[in-house]
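**Q** In terms of my numbering, the sequence shown opens at residue 13 and continues consecutively.
Once you've had a glance at the structure underneath, I'll fire off some questions.
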Amino acid sequence: MEYREYLMQAYEQKHPATVAEFLESISSMITESPLLELHRRFCKKYGPPKLGTSRVSYISKSVVFKLPVSSDGFRHNDWEGSLMSIGEEGDSHYIPLARSRLHPGYIDIPIVVMEKVEEASLQCIRERLGHIPGFVSAVDMSQVGFTKKGKLVAFDYADL
């Protein structure tokens with residue numbers, strides 16, 4: 013599969029049904045490399061991932077592991093793994109972020125380990141909070157959700 017086809021699947025959120033489908037979809041982009049081997053290991057443990065445009069997410073019971081599938085994914089992991097929040101709480105540019113840390117990874121492949129967040133639609137946010145906080149529109153594709161403690165946070169903020 014070409015990268016362009018992969019991107020279309022990611023944008024349309026057509027996640028692979030099987031590990032074999034996923035590995036086939038990235039094999040032409042990554043080829044035989046430590047990164048492909050890392051994806052194989054994660055697939056074996058967590059099953060097929062959720063697709064993103066530059067990274068994919070493997071979901072465990074309590075955390076999400078984000079692994080790159082492109083050079084942008086490496087950059088996004090470095091950025092996202094370094095942030096605790098964007099702006100200061102109370103200012104107009106504040107964006108609360110899901111807790112994450114950058115794991116040094118496997119053979120210098122950065123892995124973001126992020127708390128698991130329950131994705132929330134705009135309707136769900138309005139129902140739970142009574143309004144849509146302004147920061148939601150600043151997050152790419154409104155990728156926000158609620159933590160176990162009920163806090164609304166962004167869970168994909170690499171492009172902010």
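Note that CB positions come from ideal geometry on N, CA and C, so glycine has one too.
What you are looking at is a predicted structure, and each value in this text was computed from that prediction instead of being measured.
Any idea what DSSP makes of A166, helix, strand or coil?
**A** Here A166 sits in strand by DSSP.
**Q** For a test of the three-state rule: what should DSSP assign to H27, helix, strand or coil?
**A** coil
**Q** Give every residue of the same chain whose Cβ lies closer than 8 Å to the Cβ of V75, excluding the five residues on either side of it in the sequence, and list them in chain order.
**A** V125, M126, E127, K128
**Q** Let's see if you can read the secondary structure: which residues bound the alpha helix (DSSP H) around H115?
**A** Per DSSP, H115 belongs to no alpha helix (DSSP H); it is in the beta strand (DSSP E), 112-118.
**Q** Do you know offhand how far P116's Cα is from I123's?
**A** 7 Å
**Q** How many whole angstroms separate the CB atoms of G93 and S66, which I take to be in contact at a CB cut-off of 8 Å?
**A** The pair is not a contact, with the Cβ atoms about 14 Å apart (cut-off 8 Å).
**Q** What does K62 pair with, by DSSP beta-bridge criteria?
**A** S69, per the DSSP bridge assignment.
**Q** In this structure, how does DSSP classify I107 when only helix, strand and coil are distinguished?
**A** strand
**Q** Can you tell me whether G142 is buried or exposed? The criterion is at least 16 other CB atoms within 10 Å of its CB, across all chains shown.
**A** exposed
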